[in-house]
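Student: Can you keep this structure in mind? I'll have questions shortly.
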Amino acid sequence: MKRQQSHATSNVKAACRACRASKTKCDGQRPMCSRCARKIRVSCEYDAEPDESRLTALKRECMALEQQASTHEVLLRHLINSSHDEAYDILKRMRAGDDDLSIFVGLLEKRSNYTNRDVVQSTATHKDGAAVFADSSDDRNSIAFLLARNSPTRAESE
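Quick note: the sequence shown, position 144, residue 144 per full-length UniProt numbering, numbers continuous.
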């Protein structure tokens, strides 16, 4: 015979950070779960979007970090292979806090006949606003591919 529970429990796709840290049941209410509201916490933060499991959120974050690393690798290669003046300009923009996309756009416009529209068409925007660059091996119009193709070789720049 099945035993009936006195109260209904539901599985929540992702618990808030506070409930996960204290290993307690989270009801998943947004913007603040019941436990955080009872504890009068200032914030109740979730790593996952509503209707997204924690594993899916981690996979999404991992893909974004891999893309960011790939973008930084292309920028680093370009710094190594570019002239002293161009490398200085790139570093100046990086230190000023320019995002990777605007640095790529500037480099492409400076080195080729590509317009800002061409660069924007080769990128997609993630739902949180972060630019997602196409993989250079898959898309011949991706920023990484265009930049690598238009980048001078070490022999040309010296």
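Glycine included, every Cβ here is placed at the ideal spot set by N, Cα and C. Computed from a predicted structure; not experimentally measured.
Could you tell me whether the Cβ atoms of A57 and A21 are closer together than 9 Å?
Tutor: Stepping through the sequence shown from its first residue, residue 57 is reached at position 57. Stepping through the sequence shown from its first residue, residue 21 is reached at position 21. Not in contact: A57 and A21 (Cβ atoms no closer than 9 Å).
Student: Please report the distance separating the alpha-carbon of K25 from that of D98.
Tutor: One-based indexing of the sequence shown puts residue 25 at position 25. One-based indexing of the sequence shown puts residue 98 at position 98. In a straight line, the C-alpha of K25 is about 42 Å away from that of D98.
Student: Entirely within the region 27 to 85 and at least 4 residues each: give me those alpha helix (DSSP H) ranges in chain order.
Tutor: Fully enclosed alpha helix (DSSP H) runs of 4 or longer: 34 to 38 and 54 to 81.
Student: Using the Cα positions of S70 and C33, report the straight-line distance between them to the nearest angstrom.
Tutor: Stepping through the sequence shown from its first residue, residue 70 is reached at position 70. Stepping through the sequence shown from its first residue, residue 33 is reached at position 33. Spanning the two alpha carbons is a distance of roughly 37 Å.
Student: Between L107 and H78, how many whole angstroms is the CB-CB distance? I'm expecting something under 8 Å.
Tutor: Residue numbering aside, residue 107 sits at position 107 when the sequence shown is read from its first letter. Residue numbering aside, residue 78 sits at position 78 when the sequence shown is read from its first letter. Indeed they touch by this definition, with Cβ atoms about 7 Å apart.
Student: Which word fits I40, buried or exposed, when buried means at least 16 other C-beta atoms lie within 10 angstroms of its C-beta?
Tutor: Here residue 40 refers to the residue found at position 40 of the sequence shown. By the 10 Å Cβ count, I40 comes out exposed.
Student: Measure the CB-CB distance between D27 and V42 and report whether it falls below 9 Å.
Tutor: On the sequence shown, residue 27 is found 27 positions in, with the first residue counted as 1. On the sequence shown, residue 42 is found 42 positions in, with the first residue counted as 1. Contact flag unset, no.
Student: How far does the alpha helix (DSSP H) with C16 in it extend, from its first residue to its last?
Tutor: The residue given as residue 16 occupies position 16 in the sequence shown. No alpha helix (DSSP H) contains C16, which DSSP labels as neither H nor E.
Student: Considering Cα atoms alone, identify which of E45, E52 and R35 is closest to C16.
Tutor: In the sequence shown, counting from the first residue as 1, residue 16 sits at position 16. That would be E45, whose Cα lies nearest to the Cα of C16.
Student: DSSP state of G97, grouped into three classes?
Tutor: Numbered from 1 along the sequence shown, position 97 holds the residue referred to as residue 97. In this structure, G97 counts as coil in the three-state DSSP scheme.
Student: Can you list, in chain order, the residues of its chain whose CB lies under 8 Å from that of S53, leaving out five sequence neighbours each side?
Tutor: On the sequence shown, residue 53 is found 53 positions in, with the first residue counted as 1. If we look at S53 and ignore the five residues flanking it on each side, its Cβ neighbours are K13 and A14.
Student: In this structure, how does DSSP classify K110 when only helix, strand and coil are distinguished?
Tutor: As a first step, residue 110 is located in the sequence shown; it is residue number 110 there, counting from the start. Note: K110 maps to helix in three-state DSSP.
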